[in-house]
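Chains as they are written, first to last, in this note's numbering: chain A, 758 to 1095; chain B, 8 to 305; chain C, 871 to 1183. Data first, discussion second: the structure below is written as structure tokens.
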Amino acid sequence: MTKGGAMDDEAVSDPPLLALEGVGVSLTANGARLVEDVSFTLGSGESFGIVGESGSGKSTTIRAIIGLLPDGLRATGQVVFSGENIAGASEARLARLRGAGIGMVFQDPLSALNPVMLVGRQIAEALRWHGRLDPAARRRRMIEVMRLVGLPEPERLASSYPHELSGGQRQRVALAIALACAPRLLLADEPTTALDVTIQDQILRLLDELRRSLGMALVLVTHDLGVIARVCARVAVMYAGRIVEEAPVARLFAAPAHPYTRMLLDSIPQGPRACHPLAPIPGRPPDPAHRPRGCGFAPRCPLASVACTERTPPWRVLAAGGGFACFHPLLAEATTHA
Amino acid sequence: MSATTPAEVKRPEAMEAGGTSIPSADGAIGRRKLPRNLVIGAWLLIAWMALAVAGPLLLGSPTTMDLLHSLRPPSLAFPFGTDNLGRGVLTRVIWGAHLDLEIGFFTVAPAFFIGSTLGLLAGYFGGVIETVVMRLVDIAVAFPFLVIVIAIVAVLGPGLGNMYIAVAMVGWVSYARITRAETLLAKRLEYAEAARLLGLPDRRVLLRHLLPNVIPQAVIYASSDVILGIFLGSSLGFLGLGAQPPSPEWGLIIADGYSFVDRAPWISAFPGLAIVLLAISFSLFGDGLADLLRPETR
Amino acid sequence: MIRYVLRRLVMLVPVAVGITMAVFLLVRLIPGDPARTLLGIHATPTLVAAMRAHLGLDRPLYVQYVIFVRHLAVGDFGHSYYYGQAISRLVLDHLGPTLMLLAYGTVLTLIIALPAGLLAAARRDQVADHLVRIGAVVGVGLPSYWIGFMLILFFAVMIPIFPVAGYGNGLPSHLFDLFLPALTIAVNISPLVLRALRASLMEALASGYIDTARAKGLPRRVVLLGHALPNAIVPAVTVLGLNIGYLVGSTVIVETVFAVPGLGQLMINSIGTRDYPVIQAVTLVLGVLVVLVNLLTDLMQLLLDPRVRREVT
């Protein structure tokens, strides 16, 4: 029942490290669904990207994985990590998992670090709570992790405060915090959006390098297709709370199935059709409390038909890997799995 | 010293409104209605004012002594008991209502007008006016408010009138700070620039354009300052420096009742309760007003 | 950083000057001959003449002010005929209880406000939060002399644990006797600190580093106390400092209610006896005290927030 086979440069490790099944997130106040029926799997050491506009539900989805949803939101569905369903797990169980089994970095490195606490202490804190290392070993590990993320002069930096560091350095510190206990999965929510373009590049390369060397799986959420292209092997496109297409990265860029993906690619300056004039997508995503019936993208879709406004398109798996949910896909031929 | 104290003297955050706001996923706040605090507070204040006006008309004199009935505990005839001179405490408390409401008004109004005007002028014209005003502010702020008021009253002589003068002399400072800060902010906004560029005379810019936008903060502060004014007035009454006997001012009644704390605690307890209830009424009203006039930043 | 402290001290000078000027003018407000006023009922022609010379009343006003300041500089606050003592001596004798009461009151304020603020922020919009906030509204709505009265009524008269008045001898006795007075002050001030703390805690809890802390696997309690609180404490302490004037004013009333032999009581008594030199001196001392405490609060900020430290050095 997993949607989409996992094709990657490495063989699929059986069973998957992370499997989301029918995950939904809604507001407890009025039941509006921010995330609807999201499913994907991830094997050890794989990199998976989730791309979408603001409000598509991508950040909410990965927060739901470790139970870091804001108050007033409720999650449903299954989240299986290393064979264990953690979706309804107790806060204590999740706390033990966070930082140790699953790490997370966030978008804004400036606000992600505690301004009144020494940087080194923030990194070592995770070690204190999860490990059984003595203080000396903790310090060694902290320095080691700082070197790992490419921070210069770790001993000196450890005794600084966040405001004394540059944006790139801060994001590296945030990474160090997330990686301190060597988690098997790293969730990254727009990790480079708030950084300068040159620094973005460095951080992305770092992420890729870390994934390879540590054998760590990576889920990267972003609105920037360029970031996906650099780091991820597979990608899911989200719109209005649902995954509308999933594919290996190369295939997505070369031959997208879903019209939204196509229009997304057409709207970026360095996309595959860079010579063509930019074509922004008209309209805006729907308000989660007032989603139209049927396909969420139909109001803005040039290929929409009556069928699209009556039923939500079902997910169709592709033999070549991945899948899509659309009544009018852009594929020359679409083969379905039973 | 002004480098570290905030440019305006702000009460700490007002309590959040009791009005409903419905979160929706795109972050917009749903309907906004009048904050609960404001409505409840307003009704309470109306009730107080009605009491202050109607009470004296319906009750007997607060000063008739009846030594046969002195120090009686609360009963049907005297719901709040009697004091050492046989005067009904309830009667005195109700008669005192208008006194303390007046105190609230007269301690705040002069300070409000003087301070806001000076603050507006200081913020708008800057230069010498601003320097002079802010220096005065710095000095006045250095003193504990009560202490300086007591000192001035000590010099001028006890009595409510002198107390009002004393408060006006020092109390304008907070309003000046607030309005000056607001004026400095508003001055830069486009409508003020536009008005000036149009060549409108200063007076017009100040009155028609800046004032309405700058005054709400001062009004909010004033509504909670009233409580402090009432406390101040009754404290001075308590210390013998405000209202003088046999006036039924609440602080005075409490002071009189002090020596009887063991025998007749009701003498001091009830007027105190009255002050507390009045203060809560103003507090609710003021917080509600703040929630209403300030754009909600959560 | 030492330089910063020194700079701040230097900035205090104009304010100090302003205070002395205000106090100087205070007595001059009284209609009539200042010398006669200051001597009060003890005025005899000889004494009045001597006083006039001492104050330089024949000289222009600004010279009188200079003389006044010169006297202050050598610790000459004048002489109290009522008490028959040099006022500087009087002030020193009464300073101790006031300072003790202030410190005690501040400590109790923090003891009340910190846990309450934490509770309210952690259990936001739940029962505990509402209770705390109602408590805060009530606390501010109680005039201090009434709080004192109620505390006396309940804990000194009805259930005789604490003394009705007084200061006691020796430190343990001071701490015991001053408990009710200090509590009275705390009841008035803690709502202000509490509200500020709650607001800044809520702001801190909405910040990005809270996400990071939770993503590390820290339990909620640790996140609240170890991450949110250190960031939120600074505005709360600032509020405490801002209200120091209110605190000192409170002390005056509380000293009167509980008959604590501090500066406040000295001042009130002197009003009754028209002992203007004493009134002048106490006003001055209390003003200086407030200014110093404000400085202390600023220094506290330096200590607690490394970002402020960086701005300053």
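Note that CB positions come from ideal geometry on N, CA and C, so glycine has one too. Bear in mind the structure is a predicted one, so any value in this text is a computation, not a measurement.
query: Per-residue DSSP class, three states only, for residue 791(A); result: strand
query: Neighbour flag for residue 234(B) against chain C, beta carbons, 8 Å; result: yes
query: 8 Å Cβ cutoff, residue 900(C) in contact with chain B; result: yes
query: Supposed contact pair residue 795(A) and residue 985(A) - C-beta distance, whole angstroms, cut 8 Å; result: With 8 Å as the limit, residue 985(A) and residue 795(A) do not qualify as a contact, their Cβ atoms being about 17 Å apart.
query: Contact list for the segment 1072 to 1084 of chain C against chain A, Cβ threshold 8 Å; result: 1077, 1078, 1079, 1081, 1082, 1083, 1084
query: Chain-ordered chain C contacts of residue 783(A) [CB-CB under 7 Å]; result: Near residue 783(A) there are no residues of chain C at all, since even the closest Cβ is about 20 Å away, more than 7 Å.
query: Proximity test, Cβ basis, 8 Å: residue 943(A) and chain C; result: no
query: Residues that residue 949(C) bridges to, as DSSP identifies them; result: 956(C)
query: Cβ distance (whole Å) where residue 114(B) is taken to contact residue 236(B) below 8 Å; result: 3 Å
query: First through last residue of the beta strand (DSSP E) which encompasses residue 1056(A); result: Neither: residue 1056(A) is in no beta strand (DSSP E) and is coded neither H nor E.
query: As assigned by DSSP and simplified to three states, the class of residue 939(A); result: coil
query: First and last residue of the uninterrupted beta strand (DSSP E) at residue 1003(A); result: 999 to 1005
query: Spatially closest choice to residue 242(B) from 229(B), 230(B), 256(B), by CA coordinates; result: 256(B)
query: Which of helix, strand or coil DSSP assigns to residue 977(C); result: helix
query: Residues near residue 117(B) by beta carbon distance below 8 Å, same chain, minus five either side; result: 171, 174, 175, 178, 179
query: Same chain, Cβ closer than 6 Å to residue 835(A), five either side skipped, listed in chain order; result: 778, 842, 844
query: Chain F within 8 Å of residue 149(B), Cβ atoms only; result: Annotation note: the requested chain F is absent from the structure, which comprises protein chains A, B and C.
query: Rounded C-alpha distance that separates residue 988(A) from residue 40(B); result: 49 Å
query: Continuous beta strand (DSSP E) assignments of at least 3 residues falling wholly in the segment 847 to 907 of chain A; result: 859 to 862
query: Listed by chain order, chain A residues near residue 1101(C) by CB distance under 8 Å; result: 871, 872, 873
query: Secondary structure of residue 995(A), DSSP reduced to three states; result: strand
query: Euclidean distance between Cα positions of residue 899(A) and residue 939(A); result: 11 Å
query: Minimum Cβ-Cβ distance from residue 906(C) to chain A less than 8 Å; result: no
query: Cβ-Cβ distance between residue 1022(A) and residue 977(A) below 8 Å; result: no
query: Between the CA atoms of residue 1053(C) and residue 1124(C) - distance to the nearest angstrom; result: 10 Å
query: Inter-stretch contact at 8 Å, needing at least 3 Cβ pairs: the segment 1109 to 1123 of chain C / the segment 972 to 991 of chain C; result: yes
query: Rounded separation between residue 782(A) and residue 789(A) - CA only; result: 9 Å
query: Stretch pair the segment 93 to 103 of chain B + the segment 125 to 143 of chain B: three plus CB contacts closer than 8 Å; result: no
query: Short CB-CB distance (under 8 Å) between residue 1033(C) and chain A; result: no
query: Inter-residue spacing [alpha-carbon to alpha-carbon] between residue 991(A) and residue 775(A); result: 14 Å
query: Residue of 973(A), 827(A), 806(A), 997(A) minimising C-alpha distance to residue 1069(A); result: 997(A)
query: Three-state secondary structure assigned by DSSP to residue 926(C); result: coil
query: Cβ shell of residue 873(C) (< 8 Å), same chain only, five flanking positions each side left out; result: none
query: Under 8 Å between C-beta atoms of residue 1078(A) and residue 1005(A); result: yes
query: Which of helix, strand or coil DSSP assigns to residue 1022(C); result: helix
query: Where the alpha helix (DSSP H) containing residue 109(B) begins and where it ends; result: 96 to 132
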